[in-house]
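Student:
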Amino acid sequence: MTSISEWNEKHLVENRLIEQLKKMGYEHIHGPSLDIERESTRTVILQERLIKAIKLLNPWINHLSLNKIVRRITHIEAKSPMEANEAFHNTLVNYTSIQQDMGKGKKNQTVKIIDFDNPLNNEFLIVDQFSISDASGTIRPDLIVYVNGIPLVVIECKSPMVAVDEQIGKAVKQLNRYQNQCEHLFHYNQFMIATSNDRAKAGTIGAHLKHFGEWKDPYPLTSPEVGDNPTPQDILVAGMLSKDNLLDLIQNFIVFEPENGRMIKKLARYQQFRAVNKAVNRLMTAKSPRERGGVVWHTQGSGKSLTMLYLAVKLRRIESLKNPSIIIVTDRSDLDDQITNTFRRCGFANPQQASSVAQLKELLKQGPGSTVMTLVQKFQTSNEEAQFPELSDAENIIVMVDESHRSQYKGLAMNMRTALPNACYLGFTGTPIDKEDKSTTRTFGPYIDKYTIEQAVDDGATVPIFYEARLTQLHVEGETLDQLFDRKFREYDEKTRERIMKKYATEEAIVASPKRIQQIVLDIIKHYETHIMPNGFKAQIVAVSREAAVMYKEKLDELSDLESTIVFSGGNDDKENLKKHHISKDEEKSIIARFKKPLSEDKLAFIIVCDKLLTGFDAPIEQVMYLDKPLKEHNLLQAIARTNRTYEKKDYGLIVDYFGVSRFLEKALAIFSKQDIQGALMPVESELPRLQTRHRAAMKFFDYIRQDVESCIQLLEPEDVRQQFDLAFKRFASSMDMIMPNPKAQPYVADLQFLGKVRQLAKSRYRDEAMDISDCGEKVKQLIAEHMRASAVEILHDPIDILSSKFEKKVDELNGGEAKASEMEHAIRHEIRVKIQENPVYYTSLKEKLEKLIEARKQHQMDIVELVEQLRGMINDMRDNAAKSQIHGLTREQYPFYQMLEKQLPVEDDKEALKELTHIITEIIVEQSVVEWTSKEDVKREMRQKVKRQLRVTKCPKDQIEELTQKLMALAEVHYKK
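For the sequence shown, my numbering gives the first residue as 1, with consecutive numbering after it.
1. For Ala53 versus Ile98, is the C-beta distance shorter than 9 Å?
2. Roughly how far, in whole angstroms, is the beta-carbon of Ser734 from the beta-carbon of Asp651, given that I think they are within contact range, below 8 Å?
3. Are Ile76 and His208 closer than 9 Å when you measure CB to CB?
4. Report the three-state DSSP secondary structure of Cys956 (helix, strand or coil).
5. Could you check if Glu48 belongs to the surroundings of the ligand HEM, using beta carbon to heavy atom distance under 8 Å?
6. Contact defined as beta carbons within less than 8 Å: I believe Leu360 pairs with Thr374. What is the distance between those atoms, to the nearest angstrom?
7. Roughly how many angstroms separate the alpha carbons of Glu869 and Arg694, rounded to a whole number?
8. Tell me whether the segment 254–265 and the segment 342–352 touch, counting them as touching only if at least three CB pairs, one residue from each stretch, are closer than 8 Å.
9. What's the gap between the Cα of Lys68 and the Cα of Lys55?
10. Using only CA atoms, which one of Arg829, Phe273 and Pro421 lies nearest to Ser288?
11. Using 8 Å as the Cβ pair cut-off and three pairs as the minimum, do the segment 913–929 and the segment 945–962 touch?
12. Give a yes or no on whether the C-beta atoms belonging to Met943 and Gln928 are separated by under 9 Å.
13. What is the C-beta distance between Ala512 and Ile608, in whole angstroms, given that I count them as a contact (C-beta under 8 Å)?
14. Under the assumption that Cys157 contacts Glu9 (Cβ atoms under 8 Å), give the Cβ distance between them as a whole number of angstroms.
15. Leaving out the 5 sequence neighbours to the left and right, which residues in its chain are closer than 8 Å to Gln899 when beta-carbon positions are compared?
16. For Tyr898, list the residues DSSP reports as bridge partners.
17. Should Ile36 be labelled buried (16 or more other beta-carbon atoms within 10 Å of its own) or exposed?
18. What's the gap between the Cα of Arg759 and the Cα of Asp726?
19. With burial defined as no fewer than 16 other Cβ atoms inside 10 Å of the residue's Cβ, what is the status of Ser569: buried or exposed?
20. Report yes or no: do three or more beta-carbon pairs, one from the segment 456–470 and one from the segment 324–332, lie closer than 8 Å?
21. Under a CB-based cut-off of 9 Å, is Glu39 close to chain D?
22. Mark Lys555 as exposed unless 16 or more other C-beta atoms lie within 10 angstroms of its C-beta, in which case mark it buried.
23. Are the beta-carbon atoms belonging to Tyr95 and Ile139 less than 9 Å from one another?
24. Below 9 Å between beta carbons: does that hold for Gly303 and Gln272?
25. Find out if the Cβ-Cβ distance for the pair Arg332, Met82 is shorter than 9 Å.
26. Helix or strand or just coil, what does DSSP make of Leu481?
27. For Met862, which residues in the same chain have their Cβ closer than 7 Å to its Cβ, ignoring the five residues on either side in sequence?
28. Out of Asp393, Val276, His30 and Thr231, which has the shortest C-alpha to C-alpha gap to Asp248?
29. Pop quiz: Lys243 and Pro119 are said to be a contact at Cβ under 8 Å. What is the actual Cβ separation, rounded to whole angstroms?
30. Looking only at its own chain, which residues have a Cβ that is under 7 Å from the Cβ of Lys278, when we skip the five neighbours before and after it?
31. Cα separation between Pro141 and Ile193?
32. I'd like the span of the alpha helix (DSSP H) that includes Gly301, first residue to last.
33. Distance check for Thr381 and Ser320, CA to CA, integer angstroms please.
34. In three-state DSSP terms, what is Ser196?
35. Go to Phe343, then tell me how far its alpha helix (DSSP H) extends in each direction, as first and last residue.
36. In the DSSP assignment, what are the bridge partners of Lys106?
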């Protein structure tokens with residue numbers, strides 16, 4: 001019988017998506033009808049359709065070359081799914097070649113698998129309920145997008161009736177299961193979509209839920225053009241799966257970048273796709289060369305470097321631009337290194353970094369196809385030059401200028417234009433153009449695209465930034481120098497005060513006074529140790545001067561064991577106290593690399609700066625900036641953005657203000673339009689209303705039953721209720737982690753402890769790994785752990801193994817038959833779930849028996865005492881199962897093979913013959929298995945063939961040999977993995 005949820009998933013989500021794609025020119029085919037086109041249910045490539053497409057796009061190809069190309073696609077040699085995926089993507093977008101004699105001897109010929117230039121030359125299918133079997137079992141994705149017979153997009157649909165915050169999570173979990181069970185399908189996958197119609201997100205293979213992103217703009221369409229009140233699914237499908245956009249995304253907006261020793265596949269976000277295509281459209285349709293440029297403002301932390309990379313990739317493919325030269329200009333050496341490394345890591349061909357003015361001039365004369373990275377300072381004239389020389393008058397030069405609003409560009413823009421008079425100039429900035437700034441738009445042109453601070457936070461591309469003013473009695477901003485001076489030197493008489501003031505009293509001197517810095521350092525230590533360090537995050541201190549930075553370092557060392565370092569630019573005339581903190585460029589790189597590591601790996605907790613590392617410095621582990629310097633306008637926006645990068649368990653960035661900037665925030669940011677800086681900084685107190693709402697949402701589950709913990713645990717027995725509660729708890733815990741140890745969190749502490757205790761007990765009872773407090777903030781974890789110890793609740797360890805003698809003791813200690821039955825039922829379910837792959841025959845029969853018992857109890861066909869006894873019997877049978885293998889003269893590993901053969905070959909009633917067959921098959925597996933054989937297709941293929949050969953000489957029906965072989969191979973991967 002179809003459930004309402006399944007009906008909704010099929011009709012409201014899946015069918016809606018199919019109908020939309022049909023209107024966009026796709027052909028819809030029901031999965032089972034494609035079985036006649038496949039060799040077996042393992043096959044994912046529709047080979048005849050692929051062959052037809054290759055012939056159409058490459059009419060010159062002969063039969064031998066065609067077979068080689070098809071085999072190259074269907075048999076990808078790789079050590080991992082990601083390696084296979086990258087290899088196929090490269091073949092797809094850069095084409096492949098084959099040696100074929102076209103009449104003038106054998107030469108390499110380029111073979112197109114997809115026609116990216118003419119989307120209508122390709123076949124687009126949307127296929128539903130397509131079953132794929134592998135050694136690990138069978139999967140049936142809801143929808144697969146096929147282009148020319150290749151499965152490029154997998155779509156998982158969930159009912160909008162599922163709890164709102166679980167819809168996408170459940171779909172992504174299912175997609176991850178598909179990847180584990182059926183790796184070869186994902187060799188070809190370009191991206192995946194998780195949708196419930198009301199919510200829709202896309203991600204790449206290997207991506208966690210947090211890396212799946214919405215697609216909020218159907219560019220080049222507008223939302224009204226998609227339909228009346230389009231849903232997020234409608235917009236994503238229009239934006240990502242229109243024939244033009246799908247091929248554009250695959251060809252130009254996917255990169256593979258190594259990060260921390262593993263390869264990450266990155267797909268552009270909607271704002272990156274939109275900005276790149278708007279920039280290309282302006283460049284291609286402008287009436288004059290000067291009208292081709294403009295400014296892209298994408299807020300800091302939203303992937304500006306990758307946007308520039310995607311643009312460079314796309315520009316290189318546009319034939320009419322005749323292989324353009326691309327110049328990337330920054331104004332800081334660390335930014336220059338950062339963007340150069342991004343281009344190199346992502347495989348962009350030969351980016352050249354100019355090391356001097358002379359080398360820059362040579363690189364700019366190279367002609368078409370070059371990619372040059374340079375500092376803007378290298379456009380300066382030499383002493384002998386009256387003006388910068390013209391280096392190329394070509395029109396197919398694209399200059400991308402990073403942080404294009406900054407003042408140093410204003411004088412050097414003229415030199416760039418003199419050197420490259422006909423180039424197209426594109427400005428990229430992480431902060432908006434201010435209201436008074438006419439030069440940025442005059443130099444580059446009007447906005448091409450905007451992606452604001454608020455949009456980035458809303459999309460999860462960055463975290464929100466909160467601010468907190470501390471030690472307000474030490475604030476400098478808003479006080480007159482006279483008032484401050486009088487306070488500081490009140491013990492002196494008036495004449496002496498006047499004399500001191502004339503000589504020493506500058507704002508900087510007041511800010512950097514040792515007494516004031518000592519007070520602030522004491523506060524920083526306390527704040528960091530209670531608010532930031534428990535969750536493993538790091539901090540930056542921004543001092544007013546280099547002397548003040550040294551003072552901060554000395555006081556931190558004197559008053560705490562926290563490790564810190566200073567990064568500033570050294571001068572030749574520096575005094576000894578500054579000189580000892582001078583560092584080389586390599587040492588600075590090493591410090592930054594250390595700072596980016598988790599606190600558990602590297603204890604460097606603080607970087608102290610005055611001007612350096614306030615722009616372009618990207619360390620996601622930094623959560624807090626302790627600010628003791630006057631900053632405003634672009635400098636303020638750029639500095640605070642150091643804390644807005646996303647990181648595991650990081651819900652927000654924090655600016656702790658000791659100078660008084662936050663009291664005059666409006667004045668500091670007055671030059672920007674209010675709309676552009678909406679949500680830039682929010683006071684910590686703004687979290688309190690959300691905390692109150694989240695507290696109520698979590699507590700309402702246990703209204704009226706709070707006093708009875710067992711009732712609370714039983715209320716969480718249904719999985720959907722557990723998931724809803726878990727989500728509410730995590731949200732409440734997140735808000736508490738942010739506010740604590742502020743006294744304003746105190747009214748909610750007891751309830752947080754109670755909820756944490758119930759959650760841990762439910763996790764233990766229902767063996768629910770998702771209900772782990774490890775994903776909560778450290779402050780919350782400590783609070784709950786202390787409460788557990790105080791309550792003598794010993795459940796911080798994993799649930800007791802059902803086969804252990806301690807389990808009986810635990811059950812006996814529970815009060816009442818319902819609690820005992822519940823504990824045993826869920827322990828058995830857990831054991832089945834964990835071990836079903838080890839022995840599918842035995843554990844499937846156990847599962848069926850358990851369901852019958854539970855149903856009989858529900859129908860009042862047995863009382864609780866009888867149910868408890870039956871469950872005890874099942875547990876005893878599970879304990880005895882291991883011994884049964886020895887009775888049959890088989891090892892523990894062989895016994896599941898025997899049971900599988902016994903079930904699948906009921907016509908074979910000779911038990912000795914079955915045992916003999918078990919020995920032969922397991923011997924084949926042992927002989928063939930080598931180290932890591934489960935990831936080696938050639939080894940698995942050979943093993944499969946030998947097992948099939950053996951089954952053919954038994955009484956196994958011919959039509960079942962393939963299926964039984966796959967099941968035996970799945971067992972082999974579990975029991976004989978090396």
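By construction, the Cβ of each residue, glycine as well, lies at the ideal position given by its N, Cα and C atoms.
Just so we're clear, the structure is a prediction, and the values are computed from it rather than from any experiment.
Tutor: This is what the structure holds:
1. It is not a contact, given that the beta carbons lie outside the stated cut-off.
2. 5 Å
3. Ile76 is not a Cβ neighbour of His208, given a cutoff of 9 Å.
4. DSSP places Cys956 in coil when its eight states are reduced to three.
5. With respect to small molecules bound, the structure shown includes none, and the ligand HEM cannot be examined in it.
6. With a contact defined as Cβ atoms closer than 8 Å, Leu360 and Thr374 qualify at about 5 Å.
7. 42 Å
8. Yes, they touch.
9. 13 Å
10. Pro421
11. Flag = yes, the segment 913–929 and the segment 945–962 touch.
12. yes
13. Not a contact, Cβ separation roughly 13 Å.
14. The pair is a contact, with the Cβ atoms about 5 Å apart (cut-off 8 Å).
15. Same-chain partners within the cutoff: Asn839, Val841 and Tyr842.
16. DSSP output for Tyr898 lists no bridge partner at all.
17. exposed
18. Going from the Cα of Arg759 to the Cα of Asp726 covers about 8 Å.
19. exposed
20. no
21. Included in the structure is just one protein chain, with no chain D present.
22. buried
23. no
24. Contact: yes.
25. no
26. Below a pLDDT of 50, predicted positions are generally treated as unreliable, and Leu481, at 47, falls in that range; the measurement from the model is reported next regardless. Three-state result, Leu481: helix.
27. Hits under 7 Å: Ala856.
28. Val276
29. 4 Å
30. Ile448 and Asp449, listed in sequence order.
31. 11 Å
32. Per DSSP, Gly301 is not a residue of any alpha helix (DSSP H), being assigned neither H nor E.
33. Spanning the two alpha carbons is a distance of roughly 34 Å.
34. coil
35. Ser333 to Arg345
36. Asp101
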